[in-house]
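Engineer:
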Amino acid sequence: MKGKKILIVEDEVVFRSVLRNYLKSFDVITYTASNGQEALDIINAVEHLDLILCDLSMPVMSGETLMQKLVEMKCEIPVIVISGINRISDLDRMLRLGVKDALLKPIVDFDDVRETIIRNLYPDIVETTTRLSAELSHIQQMIQHEKHDILPVLLELQPKVNQTLANYKINYRQLKDINKIGLLSDLAELSDKQIGFYCLDIEYSSGDGVMAALLLRVAFNELLQTYLNSQSNKLFNISEMLEQINTLLMDLGIKGQFPILLGYFHTESKTIVLASAGLNVKLKTENKEVELSSSAPLGSLQSIAYQQIMEKGIDWQCKIWNHKHRMTLMFNSLVEIL
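Each residue of the sequence shown is one higher than the one before, counting from 4 in the working numbering.
(1) Classify K285 as helix, strand or coil using the three-state DSSP reduction.
(2) State buried or exposed for P300, treating a residue as buried only when at least 16 other CB atoms are found within 10 Å of its CB.
(3) With 16 other CB atoms within 10 Å as the buried threshold, where does I11 fall?
(4) Taking just the CA atoms, how far does E292 sit from L203?
(5) What's the C-alpha gap between V16 and L56?
(6) Would you identify the three-state DSSP class for E348, choosing helix, strand or coil?
(7) Of the choices L337, R117, E271, Q166, whose alpha-carbon is the least far from that of D342?
(8) Return the CA-CA distance between I241 and V82, expressed in angstroms with no decimal places.
(9) From the DSSP output, which residues share a beta bridge with D58?
(10) Figure out for me which residue from E271, Q311, V84 has the closest Cα to the Cα of M337.
(11) Is DSSP giving K150 helix, strand or coil here?
(12) Answer with buried or exposed for M61, where buried requires no fewer than 16 other C-beta atoms within 10 angstroms of its C-beta.
(13) Relative to the alpha-carbon of H328, which residue among Q228, K315, P262, I275 has its alpha-carbon at the smallest distance?
(14) Given this structure, state the Cα-to-Cα distance separating E149 from L217, to the nearest angstrom.
(15) Would you mind stating whether I257 and D189 have Cβ atoms separated by less than 7 Å?
(16) Given this structure, state the Cα-to-Cα distance separating A169 from G199, to the nearest angstrom.
(17) According to DSSP, is E192 part of a helix, a strand, or is it coil?
(18) Quick check on this structure: which residue in G185, D114, G316, Y201 has the alpha carbon closest to the alpha carbon of F223?
(19) Whose C-beta lies closer than 6 Å to the C-beta of E294 among residues of the same chain, with five residues either side of it excluded?
(20) Who are the near neighbours of N236 in its chain, counting only those whose CB is closer than 6 Å to its CB and skipping five residues on each side?
(21) Between D53, M64, G101, which lies nearest to V74 when the distance is taken from Cα to Cα?
(22) When you compare only the Cα positions, how much space is there between L98 and D104?
(23) Where does the unbroken alpha helix (DSSP H) through Q71 begin, and where does it stop?
(24) L22: buried (16+ other C-beta within 10 angstroms of its C-beta) or exposed?
(25) In the DSSP assignment, what are the bridge partners of A105?
(26) To the nearest angstrom, report how far apart G39 and D114 are at their CA atoms.
(27) Nearest-angstrom Cα distance between S86 and L107?
(28) What does K322 pair with, by DSSP beta-bridge criteria?
(29) Would you identify the three-state DSSP class for A48, choosing helix, strand or coil?
(30) Thinking C-beta only, is K273 closer than 7 Å to I312?
(31) Is it buried or exposed for K163, if we count other Cβ within 10 angstroms and need 16 for buried?
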């Protein structure tokens, strides 16, 4: 949700403030209005609002009247209504006007707010995640039933130490104990200009760690491609993918701690995007060195605002480490820069 613009239309000052602070903890850009008329003024003034959270009962202009105005304006901003349980008839009329979703007061668990917002901001991504969860659950059951040891297969599928993708030579080196698995990784050429990659440490949770590695192996490319499509080729917040992967882990009952780095590189614009959960990261380009502070690893039941960095670089390297393992990824262009 980082960087998304969300308008909160709510006349209750305390609830409006609590909701705004909650969204700001995820680096959401928030706007507030105490009635429908103020909301209209903001909608007309702010470019590219992503979502509206709207109360039903307000002075000056109600939520229903505001929704009618938005329909007349042919406004396509998705609206989520926040309503008391005693306003179900009003809520029904709002849904008929085109409201996308609803939240009922009192809100006990604010994670419900986050999940509802994500569901409406990224419908394609949620659909992909739901389908992948079903597919992976089936694979998980087969593996457990047949008692297959899939770790050797995952190790066989590790990327080559030297390879060429999207006109870039990519190589890596890893320092680890000879008896340890080390960081599991993968690199994918998403197009002739885009590369996605990840590094995952499964040794904190040896049993379910293998299933987490399989999940990522199966789901990573499709999740990343769905994010790219949902952003209409704009730069995106790859950190939001960490939330979706964490949701998949929870849905499949895969428990433990899973330190991970997600990465994306656009070889034409030279844009590098990195997001980490539980791994230390240092990016070195021709011009600078940047460190990415590590948040909690995946596997947490709590909602976490994961951090990311976005930089430019032609030839660059990324060092990834924790107290157990160390890996360096190196990207070198095969195209001469004029």
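Where a beta carbon is used, it is the ideal one built from N, C-alpha and C, also for glycine.
Structural biologist: Inspection of the coordinates gives the following:
(1) As a first step, residue 285 is located in the sequence shown; it is residue number 282 there, counting from the start. In the three-state reduction of the DSSP assignment, K285 falls in the strand class, which pools E and B.
(2) The residue labelled residue 300 in the question sits at position 297 within the sequence shown. Classification of P300: buried, given that the 10 Å Cβ count is 16 or more.
(3) Position 8 of the sequence shown holds residue 11. I11 comes out buried.
(4) Within the sequence shown, the letter at position 200 stands for residue 203. Within the sequence shown, the letter at position 289 stands for residue 292. Computed Cα separation, rounded: 23 Å.
(5) Taking the sequence shown and counting its residues from 1, one reaches residue 16 at position 13. Taking the sequence shown and counting its residues from 1, one reaches residue 56 at position 53. Their Cα atoms are separated by approximately 14 Å.
(6) This structure gives no information on residue 348, because the portion of the chain shown stretches from 4 to 341.
(7) Not covered by the structure: residue 342. The range shown for the chain is 4 to 341.
(8) Numbered from 1 along the sequence shown, position 238 holds the residue referred to as residue 241. Numbered from 1 along the sequence shown, position 79 holds the residue referred to as residue 82. Approximately 24 Å, taken between the alpha carbons.
(9) Position 55 of the sequence shown, counted from the start, is the residue given in the question as residue 58. According to DSSP, D58 bridges with I85.
(10) Locating residue 337 in the sequence shown gives position 334, where the first residue counts as 1. Looking at the sequence provided, one finds Leu at residue 337 rather than Met. The shortest Cα separation from L337 among E271, Q311, V84 belongs to E271.
(11) The residue labelled residue 150 in the question sits at position 147 within the sequence shown. Because the pLDDT at K150 is just 45, under 50, the model does not fix this residue reliably, and the value given afterwards should be weighed accordingly. Looking at K150 - three-state DSSP - the assignment turns out to be coil, as it is neither helix nor strand.
(12) As a working mapping, residue 61 is identified with position 58 in the sequence shown. So M61 counts as buried.
(13) For the purposes of this step, residue 328 is taken as the residue at position 325 of the sequence shown. It is P262 whose Cα lies nearest to the Cα of H328.
(14) Taking the sequence shown and counting its residues from 1, one reaches residue 149 at position 146. Taking the sequence shown and counting its residues from 1, one reaches residue 217 at position 214. Confidence at E149 is low in this model, with a pLDDT of 48, below 50, so its placement is unreliable and no value can be given for it.
(15) Within the sequence shown, the letter at position 254 stands for residue 257. Within the sequence shown, the letter at position 186 stands for residue 189. No, Cβ-Cβ distance for I257 and D189 is not below 7 Å.
(16) Taking the sequence shown and counting its residues from 1, one reaches residue 169 at position 166. Taking the sequence shown and counting its residues from 1, one reaches residue 199 at position 196. Each residue's CA atom was taken as its position, placing A169 and G199 some 11 Å apart.
(17) For the purposes of this step, residue 192 is identified with residue 189 of the sequence shown, where counting begins at 1. Of the three classes helix, strand and coil, the one that applies to E192 here is strand, per DSSP.
(18) Along the sequence shown, read from residue 1 onward, the residue named residue 223 stands at position 220. Comparing Cα positions, the closest option is Y201.
(19) In the sequence shown, residue 294 corresponds to position 291, counting from 1. Answer for E294: K285, listed in chain order.
(20) In the sequence shown, residue 236 corresponds to position 233, counting from 1. Confidence at N236 is low in this model, with a pLDDT of 46, below 50, so its placement is unreliable and no value can be given for it.
(21) As a position in the sequence shown, residue 74 is number 71, starting the count at 1. The residue with the shortest Cα to Cα distance from V74 is G101.
(22) Residue mapping note: residue 98 aligns to position 95 of the sequence shown, counting from 1. Residue mapping note: residue 104 aligns to position 101 of the sequence shown, counting from 1. Their Cα atoms are separated by approximately 8 Å.
(23) In the sequence shown, residue 71 corresponds to position 68, counting from 1. Start and end: 66 to 75.
(24) Locating residue 22 in the sequence shown gives position 19, counting from the first residue. Buried.
(25) Taking the sequence shown and counting its residues from 1, the one referred to as residue 105 is at position 102. In the DSSP output, where bridge partners are listed per residue, A105 has V84.
(26) Here the question's residue 39 lines up with position 36 in the sequence shown. Here the question's residue 114 lines up with position 111 in the sequence shown. Their Cα atoms are separated by approximately 26 Å.
(27) Reading the sequence shown from its first residue, position 83 is the one you call residue 86. Reading the sequence shown from its first residue, position 104 is the one you call residue 107. So the two alpha carbons sit approximately 5 Å from each other.
(28) One-based indexing of the sequence shown puts residue 322 at position 319. DSSP, once it has assigned bridges, lists K285, T331 as partnering K322.
(29) Numbered from 1 along the sequence shown, position 45 holds the residue referred to as residue 48. Here A48 sits in helix by DSSP.
(30) Indexing the sequence shown from 1 puts residue 312 at position 309. Indexing the sequence shown from 1 puts residue 273 at position 270. Contact: no.
(31) Position 160 of the sequence shown, counting from 1, holds the residue named residue 163. Exposed.
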